[in-house]
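Note sheet for the following structure.
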Amino acid sequence: MFFLSKLEHTLRLPPHLLNLSIDKAIRRELESLFLDKVIQNLGLCISVYDIQSIKGGFLFPSNGASTHMVVFRLVMFRPFVGEVISARLMESTKDGLRLSLGFFEDMYVHVPCLKSHNHSELEPTINGGVKWVLEYEGENYPIDGEDEIRFKVLNVSYPPIPLDHGGRTKMIQSRKL
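Using our numbering, read the sequence shown as starting at 40 and increasing by one per residue.
What follows is the structure in structure tokens.
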């Protein structure tokens, strides 16, 4: 679920951060670039774990910003296929359930993946307008926001990279925590 990914990035450090120590300034800039963003094939960035090396510090004419080659590690959230995860209901629609882990809210359980003995009911007071009901041994159990929902990950897909670093970032290594 959580991975430590080592990346190398050519970082432009804006002049307003040059009054800080180089480590603090670079960490702050890395956090603004990566924190709470999805990086395709790596996952959601949870935090900057450490900075392993800083090279450079070049100033280009008429720029004012220093440019550094930084090697660092990020803590990434990336569920794996087959993993069982517990979450809470965020939204219930005719297409299925949208679940939240608290820090990540893009987990979807589509209707074909729900248990076979269930049905939906219109419920305008619920976010999404539909209430799903699990039928078990003649009893009906509504799925609502109070329930902890355990599900098995069948597929992991990432949206197109919303993060554009102009090709200045490359992944060096990723390992499970």
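The C-beta atom is built at its ideal place from N, Cα and C for all residues, glycine as well.
Membership of I65 in the alpha helix (DSSP H) is indicated by the continuous run 61-73.
Relative to F143, the option among I85, N80, P181, N157 whose CA is nearest is I85.
As the crow flies, the alpha-carbon of F42 is around 11 Å from that of Y88.
Around D186, the same chain offers R127, L128 as residues with beta carbons nearer than 8 Å, after the five sequence neighbours per side are excluded.
Taking C-alpha positions only, T132 is separated from G96 by approximately 52 Å.
When secondary structure is reduced to three states using DSSP, P54 falls in the helix class. Closest option to S139, judged by alpha-carbon separation, among L113, G168, R189: R189.
In the three-state DSSP reduction, V150 falls in the helix class (H, G or I).
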